[in-house]
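Chains as they are written, first to last, in the numbering used here: chain D, 1397 to 1663; chain Y, 1397 to 1663.
Laid out in structure tokens, this is it:
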């Protein structure tokens, strides 16, 4: 049976809300997924929520009932509360009827089976969680294996990243590592490292992508560092015909992922 | 000579800050562009700032000096202030050394020369200004003509849209209209209306795009309304292989734009 919480100052609500901040996510090993659709995708992908919090007015929703039953069957905690209190957890401009609390799954490079997919994404010092979430969503769409985050990249378990991923955080493998460890791991097996770069004339459509391809995306402002570019098997450029000298990193990644995917569809 | 403002309660600063809100942008016919890079792109594209506000510690910056000279030569107002006061205008998490105030240029459909480009983007009730800005940035990159916003779309002159466009707002034609007026205008001349849709099996790479192509993108949640889909010459789908059932709208738009652009490059 769901617990009912009616107090704004309830400690459990405060604790859940604290997971919006990275330091509390790290301390608790938990993160938030907001919204019926994303929580449903998570559960479908096999993730087990440790806690579900829903608004009392959503009680009759059939999908909610199913999620609540699944959470309780797995020993999770279910809380019914007011929409007002729920809005203390979610943001006012993004009101949701359901919030799930999930355990952070920290994967190491060695846990990756590189043969499990024809394409993987590697991001270096990616700063914007919205970009990361969008990259995860596109990665899922083409059937990529996952995203490897290097160096000072943003937190994939932030509310913004989870939201922009539309649930793909739960279907993609996500690894946090650094450049040195990644290069060492990569060269222990097959893999074509393809750097997205403005420092080449090599058209991205002129390259034949071999599986597994590792698409290497740089930081939003500065792109890949020179030594990271030097470590790539090939650098590719997306041609541009306008005044702009660069694309959004999630857009670049999508254009490249669809080229790799389209080549595979044709083969 | 720049005016120097040292008071936090200065009326000009308050007025500039008010342009973060749509009602004040509409009342004043002015909007904000934040950051040296975007203001420089704007000026290069021929836009004339009515006002520039910069942080005193940026005074020696060569690009700033050039922009200040151009603004003053065009009769604009230049203000030097503290970084603290400038942060009252820009957001704390996006500190910039320069803010430009530009006149809103409201374009009508009839002002569009459809032959000026091989591709245009049409958005129906696009809600997220970040998505709109990203679409503008990609549109510029492929050499599109501009973006036509229909129905309840977000404001292209919002700070978020301008920022995400990285200056492309100033190089692309931007029109705000509605469905009925757009369809009437479209059919008065040549144009292939291509709807991005999940309600078709027509692969986006199986279509030959004729210039001018009008790429029709629907709302983030619900896609194009059925009667809008029915008005299209063709519906196309971007294939997906994962668990996700849709892509981010700016990502979809980019994948489609690059297909149209790539076909043109090959021709």
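Backbone N, C-alpha and C define an ideal beta-carbon position, used for all residues, glycine too.
Distance check between residue 1554 of chain D and each of D:1499, D:1655, D:1628, D:1441 places D:1499 closest, using alpha-carbon atoms only. Ranked by how close their Cα comes to the Cα of residue 1493 of chain Y, the residues Y:1511, Y:1454, Y:1505 have Y:1454 in first place. A Cβ of chain Y is located within less than 8 Å of the beta carbon of residue 1638 of chain D. Residue 1543 of chain D has a beta carbon lying at 8 Å or more from every beta carbon in chain Y. If you ignore the 5 residues before and after residue 1656 of chain Y, its C-beta comes within less than 6 Å of the C-beta of 1515, 1605, 1609, all in its own chain and listed in chain order.
Per DSSP, residue 1452 of chain Y is not a residue of any beta strand (DSSP E), being assigned neither H nor E.
Inclusion of residue 1449 of chain Y and residue 1412 of chain Y in the CB contact set at 8 Å is warranted, their separation being smaller than that value.
Put simply, the CB of residue 1654 of chain D is near chain Y, with a gap under 8 Å to one of its CB atoms.
Between residue 1658 of chain D and chain Y, the shortest Cβ-Cβ separation is below 8 Å. Interface residue (Cβ-Cβ distance to chain D less than 8 Å): residue 1601 of chain Y is classified as such.
By the neighbour-count criterion, in which 16 or more other beta carbons inside 10 Å mark a residue as buried, residue 1618 of chain D falls on the exposed side.
Taking 8 Å as the threshold, the shortest C-beta distance from residue 1463 of chain D to chain Y does not fall below it. For the pair residue 1536 of chain Y and residue 1568 of chain Y, the CB atoms are nearer than the 8 Å cut-off.
Looking at the backbone, the Cα of residue 1628 of chain Y and that of residue 1645 of chain Y are separated by about 18 Å. If you check each beta-carbon in the segment 1625 to 1649 of chain Y against every beta-carbon of chain D, the ones closer than 8 Å belong to 1634, 1635, 1636, 1637, 1638, 1639, 1640, 1642, 1643, 1644, 1646, 1647. Uninterrupted beta strand (DSSP E) stretches at least 3 residues long and entirely within the segment 1461 to 1530 of chain Y occur at 1473 to 1477, 1494 to 1499, 1515 to 1520, given in chain order.
Note on geometry: alpha-carbon atoms of residue 1403 of chain Y and residue 1485 of chain Y lie some 13 Å from one another. Listed along chain D, the residues sitting closer than 7 Å to residue 1530 of chain Y by beta-carbon distance are 1644, 1647.
DSSP places residue 1420 of chain D in no beta strand (DSSP E) but in the uninterrupted alpha helix (DSSP H) bounded by 1418 to 1424. A distance below 8 Å separates the beta carbons of residue 1415 of chain D and residue 1497 of chain D.
Chain order gives no chain D residues near residue 1486 of chain Y, where near means a beta carbon separation below 7 Å; the closest approach is about 17 Å. Residue 1558 of chain D is positioned such that its CB atom lies closer than 8 Å to that of residue 1434 of chain D. Scanning chain Y for C-beta atoms nearer than 8 Å to the C-beta of residue 1526 of chain D yields 1526, reported in chain order. The straight-line gap separating the alpha-carbon atoms of residue 1648 of chain D and residue 1544 of chain D is approximately 17 Å. Taking one beta carbon from each stretch, the segment 1579 to 1596 of chain D and the segment 1500 to 1520 of chain D have 3 or more pairs nearer than 8 Å; the two touch. Counting other Cβ atoms within 10 Å of its Cβ, residue 1405 of chain Y stays below 16 and is therefore classed as exposed.
Counting the other Cβ atoms within 10 Å of the Cβ of residue 1643 of chain Y gives 16 or more, which makes it buried. Under the criterion of beta carbons closer than 8 Å, residue 1549 of chain D and residue 1522 of chain D qualify as touching, at roughly 5 Å.
Spanning the alpha carbons of residue 1525 of chain D and residue 1410 of chain D requires a straight line of approximately 23 Å. For residue 1650 of chain Y, the enclosing alpha helix (DSSP H) has its first and last residue at 1645 to 1662.
Within chain D, the residues placing a beta-carbon under 8 Å from that of residue 1538 of chain Y are 1636, 1637, 1638, ordered along the chain. Leaving aside the five residues that flank residue 1530 of chain D on each side, the residues in its chain whose CB is nearer than 7 Å to its CB run, in chain order, 1560, 1646. Secondary structure note for residue 1403 of chain Y: it is in no alpha helix (DSSP H), with a DSSP letter that is neither H nor E.
In terms of beta-carbon proximity, residue 1502 of chain Y stays away from the interface with chain D, with every pair separated by 8 Å or more. The three-state reading of DSSP puts residue 1642 of chain D in coil, since its state is none of H, G, I, E or B.
Think of a sphere of 8 Å around the beta carbon of residue 1651 of chain Y: the chain D residues whose beta carbon falls inside it are 1650, 1651, 1654, in chain order.
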